[in-house]
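From first to last, the protein sequence lines are chains A and B. What the first sequence shows, in the working numbering, is residues 1 to 559, in sequence order. What the second sequence shows, in the working numbering, is residues 1 to 168, in sequence order. Just below is one structure, and these are the notes that go with it.
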Amino acid sequence: MAYVDDYPDASKLVRACFGVSFVALGLGGFFGLIQALHRTNVFRGFVSSADYYTVLTGHGVLLVLVFTTFFIAGLFTWATTHSLERDVPSLTLGWTWFAMMLVGTALAATAILAGFVPSIDMSADVLFTFYAPLQAHPIFYIGAALIIVGSWIAGYTYFKNLWGWRQDNPGERIPLRTFMVVTTMLMWYISTIGVAIEVVVFLIPWSLGLISQVDPLITRTLFWYFGHPVVYFWLMPAYLVWYTVLPKLSGGRLFSDPLARVVFVLFLLLSTPVGFHHQYLDPGIPEGFKFIAMTNTMFLLLPSLLTAFTVVASMEHGARQNGGTGRFGWLGSLPWDNPAFSGSALAGLMFAAGGFSGMINAGMNINYLIHNTLWVPGHFHLTVGTAFALTAMAISYWLVPQITGKRLQFRGLALVQPYLWFFGMTLMSNAMHRAGLAGVPRRTAEPQYGSVDFSGVVGGMTEMRIQIAIGGTLLFVSLLLFLVVMAGTWMAERGRGQLTVNGVIPPALSGPEHSPRIIDNYRVWVAIAIGLIIIAYGPPMFDLVADGLLEPGSPAFPA
Amino acid sequence: MEIHRFEKLWLAAGILLIVGFIATVTYGAVGEGVAMVNDDGGTIDPTKVSEDANFSDPGVEQVGPHEYEAHIVAQQFLFKPGTSTPIRVPANSTVTFYVTSSDVVHGFNIVGTNVNTMVIPGQVAKMKVRFEEPREYGIVCNEYCGAGHHTMAGTIEVVPEDDYEGGA
Numbered sequence: 001m002a003y004v005d006d007y008p009d010a011s012k013l014v015r016a017c018f019g020v021s022f023v024a025l026g027l028g029g030f031f032g033l034i035q036a037l038h039r040t041n042v043f044r045g046f047v048s049s050a051d052y053y054t055v056l057t058g059h060g061v062l063l064v065l066v067f068t069t070f071f072i073a074g075l076f077t078w079a080t081t082h083s084l085e086r087d088v089p090s091l092t093l094g095w096t097w098f099a100m101m102l103v104g105t106a107l108a109a110t111a112i113l114a115g116f117v118p119s120i121d122m123s124a125d126v127l128f129t130f131y132a133p134l135q136a137h138p139i140f141y142i143g144a145a146l147i148i149v150g151s152w153i154a155g156y157t158y159f160k161n162l163w164g165w166r167q168d169n170p171g172e173r174i175p176l177r178t179f180m181v182v183t184t185m186l187m188w189y190i191s192t193i194g195v196a197i198e199v200v201v202f203l204i205p206w207s208l209g210l211i212s213q214v215d216p217l218i219t220r221t222l223f224w225y226f227g228h229p230v231v232y233f234w235l236m237p238a239y240l241v242w243y244t245v246l247p248k249l250s251g252g253r254l255f256s257d258p259l260a261r262v263v264f265v266l267f268l269l270l271s272t273p274v275g276f277h278h279q280y281l282d283p284g285i286p287e288g289f290k291f292i293a294m295t296n297t298m299f300l301l302l303p304s305l306l307t308a309f310t311v312v313a314s315m316e317h318g319a320r321q322n323g324g325t326g327r328f329g330w331l332g333s334l335p336w337d338n339p340a341f342s343g344s345a346l347a348g349l350m351f352a353a354g355g356f357s358g359m360i361n362a363g364m365n366i367n368y369l370i371h372n373t374l375w376v377p378g379h380f381h382l383t384v385g386t387a388f389a390l391t392a393m394a395i396s397y398w399l400v401p402q403i404t405g406k407r408l409q410f411r412g413l414a415l416v417q418p419y420l421w422f423f424g425m426t427l428m429s430n431a432m433h434r435a436g437l438a439g440v441p442r443r444t445a446e447p448q449y450g451s452v453d454f455s456g457v458v459g460g461m462t463e464m465r466i467q468i469a470i471g472g473t474l475l476f477v478s479l480l481l482f483l484v485v486m487a488g489t490w491m492a493e494r495g496r497g498q499l500t501v502n503g504v505i506p507p508a509l510s511g512p513e514h515s516p517r518i519i520d521n522y523r524v525w526v527a528i529a530i531g532l533i534i535i536a537y538g539p540p541m542f543d544l545v546a547d548g549l550l551e552p553g554s555p556a557f558p559a
Numbered sequence: 001m002e003i004h005r006f007e008k009l010w011l012a013a014g015i016l017l018i019v020g021f022i023a024t025v026t027y028g029a030v031g032e033g034v035a036m037v038n039d040d041g042g043t044i045d046p047t048k049v050s051e052d053a054n055f056s057d058p059g060v061e062q063v064g065p066h067e068y069e070a071h072i073v074a075q076q077f078l079f080k081p082g083t084s085t086p087i088r089v090p091a092n093s094t095v096t097f098y099v100t101s102s103d104v105v106h107g108f109n110i111v112g113t114n115v116n117t118m119v120i121p122g123q124v125a126k127m128k129v130r131f132e133e134p135r136e137y138g139i140v141c142n143e144y145c146g147a148g149h150h151t152m153a154g155t156i157e158v159v160p161e162d163d164y165e166g167g168a
């Protein structure tokens, strides 16, 4: 029996979420292609350089807000229902949060896309960070708020399912996948409060003209309070896949369930009190608080380093079950011809590279060399752009057949897709990192200036430009292959032969019984997480608001 | 809780790496005196930058032997001074930059160096920079500031000490 038969309600929701996320991925990816060709001056015929920023806003919002949030909502619905063995508690509630997120997406997308049409007096050319005092149309902020509130309600349904399970299974340990979902959502609740206050208290009233000014530093700080944990909101679902599905696809099982739990608890504790590391260069924030954020950030490396160990160890275990031998020879015994495996494994490998450039970003002093240069998008295209996105695509090859009951179509295309992504991203990201070291800024339509001479530290500027353009094009081709496979599978007929995937996840080598029970007591961890946030954010926030919530205030500048 | 021997080693190496990173940054700050942009530039009313004593006529002035102050206003889509006239400072000098914005958020980056700050309306970014040798540097705004963002750039000319005849 496939998942779709056992959990019909959840399957409907997961399908709807994945459907929206794939549309957002396609459109956002197309915008990415336009940018790669435009800023490298290979082809500037799609849009004017002024409209480049409309494209850039669309790329950011559609990919890091819409694609991610919908995909994660679907993935978590699958993970909780499947590991608790209970269908969603209420389909009505499910459609409620889905509809909220969908309406939010439609509002935000309308505001952004209207920027292409001069005759419509509406735009949101504010990029996905929407720093005040550049101002977007109110429906942009309202849309963003609806997506987040919708995700809160989705989170409530995961908890509701867990509470129901607990009544039926008193004293049992929370199943690993549900534990991961719960810790991720708790972190999400804590961190989205920042952006919710920013948008609801400040930006929406300001864009409606109810208040005349906002303090750009306060709104930025609230954004970044949310802006770093959000990257863990993207990564932790990828970790969920790497910990629970990837070992099985490798032919084995997870190495250690207790350490997987410890890793997720560490993320819950440390993801939020680090936001000032995005503001190392901000005036108005004392150095000491930047230092505290840096220390927390560096310790946030620990759960990722632990993950690297456990995931590789689990893959090796699987490879040896398949008959692999030797110190490195076992690598050859992994199922590299299974795109669900190869995509997840390549995403993990790229994340290791992204982790290293992230360590540079985190270094408070060296950060000044690369802040707001092309290095930064070079970095996060390895993390959210590959660790998350490629894992999401890879796991779809495994999950979409289960939620539709249909065999994966166009297997040949699916086979090459992850490798093409990996190759394209290698070209694009390495060149972006090096161009950043040369000082080439990010977020610009035409990074060539009469008065500025960029000289490459390693390699020449032309070579980097060409690598970015070719890499971006290959990524888009890879994305199209993925969408063709998904569309083909979705529209295929049901019941033609057996599914070639099975959804059974074997228990870990070292099970939850080897970890102390307190690990499952998430109330304790939430209390500590809030304590750390008060230390990191309390005094500087107090200073920022001491001279008035809206002071020093800026009026709006239309974007 | 069981932890595999290899994993314990890995964990120890990871913690060592983290502590090492924090130690190097601490050494950079305490030992080498690498300063961060801080809150000591103070605040300013962003709607009245042109009336401010320091920013109404921005530019470079000498405040001591080999010591200079440069006040710069960033606005859509130029640096004042910097874009239409270069910022001129002598070699072998220490220049304290004060940068603020009269409209939206900008960036101020001397290309290829770690002289880099956010320029946030309402705040004054303060940075001390040492210029040793004569040469020309490019400046770019590296934070999106509106439809003409990609045109916002400027120049710093570090001139030989003997040729210096005052700032922009």
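Even glycine gets a Cβ: it sits at the ideal position worked out from N, Cα and C.
Considering only beta carbons, the part of the stretch 256-268 of chain A lying closer than 9 angstroms to chain B consists of Ser256, Pro258, Leu259, Val262, in chain order. Under the Cβ criterion (8 angstroms, minimum of three pairs), the stretch 86-102 of chain A does not count as touching the stretch 119-134 of chain A.
Partner residues in the beta bridge of His106/B, as assigned by DSSP, are Val119/B. Straight-line spacing of the CA atoms in Phe67/A and Thr444/A works out to 23 angstroms.
Gly82/B has its alpha-carbon roughly 45 angstroms from the corresponding atom of Phe22/A. Under the Cβ criterion of 8 angstroms, Val105/B is counted among the residues facing chain A.
Annotation for Ser90/A: no alpha helix (DSSP H) segment contains it, and DSSP assigns it neither H nor E. In chain order, Tyr53, Arg443, Thr444, Ala445 make up the part of chain A whose C-beta sits under 8 angstroms from the C-beta of His149/B. Beta-bridge analysis with DSSP links Leu134/A to Phe557/A.
With fewer than 16 other CB atoms across the displayed protein chains lying within 10 angstroms of its CB, Glu85/A is exposed.
Rounded to whole angstroms, the gap between the alpha carbons of Gly343/A and Ile519/A is 31 angstroms. Shown here for Gly26/A: same chain residues with a beta carbon closer than 6 angstroms to its own, the five before and five after excluded, namely Leu483 in chain order. Around the beta carbon of Asp257/A, 16 or more other beta carbons sit within 10 angstroms, so the residue counts as buried. The three-state secondary structure of Arg253/A, taken from DSSP, is coil. Contacts with chain A at 8 angstroms (Cβ-Cβ) do not include Glu133/B. Gln35/A: member of the alpha helix (DSSP H) spanning 8-39, first to last residue. DSSP places Pro441/A within a strand segment (E or B) once states are collapsed to three. Listed along the chain, the chain B residues whose CB falls inside 7 angstroms of the CB of Thr80/A amount to none; the nearest CB is some 25 angstroms away.
Annotation: the continuous beta strand (DSSP E) that includes Glu157/B extends over 153-159. Under the 8 angstroms criterion on CB atoms, Thr96/B is classed as non-interfacial with respect to chain A.
At the C-beta level, Tyr3/A and Ile395/A stay beyond 8 angstroms of one another.
Taking the Cα positions, Ala50/A is about 22 angstroms away from Met432/A.
Here Lys128/B carries a strand assignment [DSSP, helix/strand/coil]. Note on Gln76/B: 16 or more other CB atoms within 10 angstroms of its CB, so buried under the neighbour-count rule. For the stretch 283-308 of chain A, the set of positions with a beta-carbon nearer than 8 angstroms to some beta-carbon of chain B reads Pro283, Gly284, Ile285, Pro286, Glu287, Lys290, Phe291, Met294, Thr295, Met298, Phe299, Leu301, Leu302, Leu305, Leu306 in chain order.
Excluding sequence positions up to five before and after Ala392/A, its CB lies within less than 7 angstroms of the CB of Phe71, all in the same chain and listed in chain order. Arg135/B: member of the beta strand (DSSP E) spanning 135-140, first to last residue. Around the CB of Gly164/A, fewer than 16 other CB atoms lie within 10 Å, so the residue is classed as exposed. In the structure shown, Pro506/A falls within a coil segment according to DSSP collapsed to helix, strand and coil. In the structure shown, the three-state DSSP call for Glu69/B is strand. Look at Val526/A here: in three-state DSSP terms it is helix. If you compare the alpha carbons of Gly150/A, Ala114/A, Ile211/A with that of Leu102/A, the shortest gap goes to Gly150/A.
Residue state for Ile366/A is assigned as coil, using DSSP reduced to three classes. Counting the other CB atoms within 10 Å of its CB gives Leu544/A a total of 16 or more, which places it among the buried residues. Rounded to the nearest angstrom, the gap between the Cα atoms of Arg411/A and Val485/A is 8 angstroms. Using beta-carbon distances, Gly209/A does not count as an interface residue toward chain B, since no partner is under 8 angstroms.
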